[in-house]
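A.B. asks:
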Amino acid sequence: MEASNTKPEKMNLEQRHIGEFQRIMRVFFRRKLAVLGLIITLLFIITAVFAPLIAPYDPYAFDTSKKLQPPSAGHLLGTDAMGRDTLSRLIYGSRISLLVGIISVGIGSIVGQILGLVAAYFGGAVNTVIMRLMDAQMAFPGMLLMIVIAAVLGGGLKNVIIALSVSMIPVTCRLICGEALSVVQNDYITAARSMGSSNLGIMLIHVYPNCIPSIIVMMTIMMGTNILAEAGLSYLGLGVAIPHAAWGSMVNDGYRYLLTNPVQALAPGVAIMLLVFGFNLMGDGLRDALDPKLRSVI
Amino acid sequence: MPENILLINKLKKYFPTTERDRYVKAVDNVDLALKRGEILGVVGESGSGKSTIAYTVMGMYSPTSGQILFEGQDISCETSRRPMPVKKDLQIVFQDPGTSLNPQRNILQILELPLKVHRLADPDNTIRKVIELLEMVELSEEYLYKYPRALGGGERQLVAIARAMATGPKLMILDEPTSALDVSVQAKIVNTLIRLQSELGMSCLFITHDLSLMRNLAHRVAIMYLGKIMEVAPTQDFFERPLHPYTQMLLSSIPVISKEEETLKPDRITAHGEIPSPVDIPPGCRFHTRCTLAKDICFTQEPDAIQIGPNHSVSCHLFSED
Chain P
1 MEASNTKPEK MNLEQRHIGE FQRIMRVFFR RKLAVLGLII TLLFIITAVF APLIAPYDPY
61 AFDTSKKLQP PSAGHLLGTD AMGRDTLSRL IYGSRISLLV GIISVGIGSI VGQILGLVAA
121 YFGGAVNTVI MRLMDAQMAF PGMLLMIVIA AVLGGGLKNV IIALSVSMIP VTCRLICGEA
181 LSVVQNDYIT AARSMGSSNL GIMLIHVYPN CIPSIIVMMT IMMGTNILAE AGLSYLGLGV
241 AIPHAAWGSM VNDGYRYLLT NPVQALAPGV AIMLLVFGFN LMGDGLRDAL DPKLRSVI
Chain H
299 MPENILLINK LKKYFPTTER DRYVKAVDNV DLALKRGEIL GVVGESGSGK STIAYTVMGM
359 YSPTSGQILF EGQDISCETS RRPMPVKKDL QIVFQDPGTS LNPQRNILQI LELPLKVHRL
419 ADPDNTIRKV IELLEMVELS EEYLYKYPRA LGGGERQLVA IARAMATGPK LMILDEPTSA
479 LDVSVQAKIV NTLIRLQSEL GMSCLFITHD LSLMRNLAHR VAIMYLGKIM EVAPTQDFFE
539 RPLHPYTQML LSSIPVISKE EETLKPDRIT AHGEIPSPVD IPPGCRFHTR CTLAKDICFT
599 QEPDAIQIGP NHSVSCHLFS ED
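Read top to bottom, the protein sequences are chains P and H.
Residues in the first sequence are numbered from 1 upward in steps of one, following our numbering.
Residues in the second sequence are numbered from 299 upward in steps of one, following our numbering.
(1) Which stretch, first to last residue, makes up the beta strand (DSSP E) that contains S363(H)?
(2) Can you tell me the Cα-Cα spacing of R625(H) and Q407(H), whole angstroms?
(3) Short check: CB of A163(P) to CB of M146(P), under 8 Å?
(4) Less than 8 Å between the C-beta atoms of K333(H) and N302(H), yes or no?
(5) Under 8 Å between C-beta atoms, does T316(H) make it to chain P?
(6) Closer than 8 Å by beta-carbon distance: list the chain P residues that pair up with L411(H), in chain order.
(7) Name the DSSP bridge partner or partners of P532(H)?
(8) Which chain P residues are close to I390(H), counting only those with a beta carbon under 7 Å from its beta carbon?
(9) Quick one: grab the DSSP three-state call for I471(H).
(10) Among the residues of its own chain, which have a CB less than 6 Å from the CB of G278(P), if the five just before and after it don't count?
(11) Going residue by residue through the region 149-216 of chain P, where are the continuous alpha helix (DSSP H) segments of at least 4 residues, counting only ones entirely within it?
(12) Distance cutoff 8 Å, beta carbons only. Does H610(H) sit that close to anything in chain P?
(13) For L548(H), which option in I555(H), Y445(H), D329(H), I573(H) has the closest C-alpha, if you only look at C-alpha atoms?
(14) Starting from the C-beta of Q495(H), find all residues in its chain whose C-beta is less than 7 Å away, skip the five residues before and the five after it, and write them out in chain order.
(15) If you pair each beta-carbon of the region 605-614 of chain H with each one of the region 523-532 of chain H, do three or more pairs fall below 8 Å?
(16) Apart from the five residues on each side of it in sequence, which residues of its chain come closer than 8 Å, Cβ to Cβ, to G582(H)?
(17) Taking the CB atoms as reference points, tell me whether M500(H) and K526(H) lie closer together than 8 Å.
(18) Can you give me the Cβ contacts of H416(H) inside the same chain, cut-off strictly under 6 Å, excluding the 5 residues immediately before and after it?
(19) Does the region 251-260 of chain P come within contact of the region 174-189 of chain P, defined as at least 3 CB pairs closer than 8 Å?
(20) Would you mind working out which of P540(H), L524(H), V554(H) sits nearest R588(H), comparing C-alpha positions?
(21) May I ask you to list, following chain order, the residues of the region 344-359 of chain H that have a beta carbon less than 9 Å from some beta carbon of chain P?
(22) Looking at chain H, which residues of the region 127-146 of chain P have a Cβ within less than 9 Å of any of its Cβ atoms?
(23) Starting from the C-beta of P209(P), find all residues in its chain whose C-beta is less than 7 Å away, skip the five residues before and the five after it, and write them out in chain order.
(24) Along the chain, where does the alpha helix (DSSP H) that runs through Q605(H) open and close?
(25) Determine the chain P residues that contact M382(H) at a beta-carbon separation under 7 Å, and present them in chain order.
(26) Taking a contact to mean a Cβ-Cβ separation below 8 Å, would you say T476(H) touches S194(P) in this structure?
(27) Compare the C-alpha of N327(H) against each of T506(H), G364(H), I492(H), R584(H) and name the closest.
(28) Starting from A331(H), follow the beta strand (DSSP E) in both directions and report where the run begins and ends.
(29) Just to confirm, are N324(P) and G224(P) a CB contact at a threshold of 8 Å?
(30) Using the rule of at least 16 other Cβ atoms within 10 Å of the residue's Cβ for burial, across every protein chain shown, is A265(P) buried or exposed?
(31) Between which two residues does the alpha helix (DSSP H) carrying V100(P) extend?
(32) Counting Cβ pairs, one atom from each stretch, are 3 or more of them under 8 Å apart for the region 88-96 of chain P and the region 54-73 of chain P?
(33) Take the Cβ of D85(P) as the centre, count every other Cβ of all protein chains shown within 10 Å, and call the residue buried at 16 or more, exposed below.
(34) Taking Cβ positions only, does N327(H) come closer than 8 Å to chain C?
(35) Helix, strand or coil for L77(P)? Go by DSSP, reduced to three states.
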């Protein structure tokens, strides 16, 4: 009996999961703006991954005889003050932006999630200590904190990522803590505790999975925020070091020629805007799709 | 082996209020014994502290004072300090099946967790064990891969019961397991519980505010009022010969349809007044504010539990003359 039964049951399980997954997909893909956001983001990701194949020129090769050229057939977006091809630099710049976004959101949200979960689950003094620390950090304006960290550690990719991750921790921590606090109220947590499940087990099996929808939404929107912040830092010269093509520093290089050759500053500016826009639209769509309260509405 | 599987000794549970030195006396000096293989019903109005007893026994709170003995072992502490065998032998079913099952896990995952935690089944055997558990509560194996939200309230409560049964507990605490359900489903849950109890011989502490449910279910009934046990009696005695004025008041307030049923009820004592706040418990007998038979002594002195017959005790001055 058991041998013959295991197979159809396994299929059943998959079907059930696919059912839920399909429902989320359906809600998401019904929102045109969310799909637009997804397409924009995917285009940027593809560009970043295949940058060496797509870019027409070497983004670092300068040719002073061709500096500050307007857009032409040879250089679609013209060249910058050092004669480097702007389009190629823009394409390589997407690598920096996405890399910084993904890694900083990853590190920042993992630390924030652990702190938030622990604070919510253990409550009491643990909660107070963690949350007051987070409050203390939140009291500093985010951009200022990042500038301080970047200034102390110096510029460069690694330090920008550290600065962005740190600034993300309290936001994530608060969100997860709030979410987890409402999950911990449920009787299934009490049942698991009295049954003898370990604290770690309860957190991982019962509390965390019920927080995942809001984590996904938050991470998507934070991607946009962090990419924007990285561009800001690079613009201020605290970000990614000079030879690398970062959109923020490209805006900084180009704005001096805003009247004579506006494309140099506008092109990276538009790229930043589009990518952030893409992530935010996608985040909104995901929030609608993953919201359990909208489950019956579809 | 001690005769009583659960012995509650002068249990007190006070919760602090925002004011200093004022406490919500949810459970105030409760003595209760639960025999092996017995269903003991604890009945009381809202706010009488019956659920607090259940939660303290389960270790969600540690008692303010007093002792809880489970099979002779002192468990007057929170869950985290209890040994694993106690956690295995003591299980609870909650009132609301909507929040007692994790919405992210399917029934198989819900039911196999207690088996894994207590290592009660080999990995290859788990699924068969889970199917057995489902059969125990008369659910088919189709339910294995369903999620709680796809189930009705009654089915969810059956799953919750199956989860509590998974570890083969010796004592099951049922905290109003039927009050969140439709009447039609209640009967199924109650029948399942009666069947499981008689088949497996476990003991049950059944918390409810539904007196008529107790008539079919419990072996003994305890009436709670403002954190204290007013009367404990075997079920038949309890319904035929209620002694405490509060018990009589409760019994006469059960709505009935036929004349026949009306004659079974004690002389009608109309329920009046509300249960006082458990922060300011009236001095003397805590029921005197609503009692129609209150004497002078009731206003000043708290009555002790008086043994009237075998297993029948009552806390009332009306029975303390001799």
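For each residue, glycine too, the CB sits at the ideal point set by N, CA and C.
C.D. replies: Taking the geometry as given:
(1) 363-368
(2) What the structure shows of chain H is the stretch from 299 to 620, and residue 625(H) is not part of that stretch, so it cannot be assessed.
(3) yes
(4) yes
(5) no
(6) A192, M195, S197, I205
(7) R518(H)
(8) A191, S194
(9) strand
(10) G37, I40, T41
(11) 157-184, 187-195, 199-202
(12) The C-beta of H610(H) comes no closer than 8 Å to any C-beta of chain P.
(13) I573(H)
(14) I337, C502
(15) yes
(16) I595, C596, F597, T598, Q599, E600
(17) no
(18) K386, T465
(19) The region 251-260 of chain P vs the region 174-189 of chain P: no contact.
(20) L524(H)
(21) Here the close residues are Y353, M356, G357, M358.
(22) none
(23) none
(24) In the DSSP assignment, Q605(H) falls outside any alpha helix (DSSP H) and within the unbroken beta strand (DSSP E) covering 604-607.
(25) Per Cβ cutoff of 7 Å: G196.
(26) When the beta-carbon positions are compared, T476(H) and S194(P) stay at least 8 Å from each other.
(27) G364(H)
(28) 321-333
(29) Residue 324(P) is absent from the structure shown; chain P starts at 1 and stops at 298.
(30) buried
(31) 86-122
(32) Three or more pairs of CB atoms, one per stretch, sit closer than 8 Å, so the region 88-96 of chain P contacts the region 54-73 of chain P.
(33) D85(P) comes out buried.
(34) Among the protein chains in the structure shown, which are P and H, there is no chain C.
(35) coil
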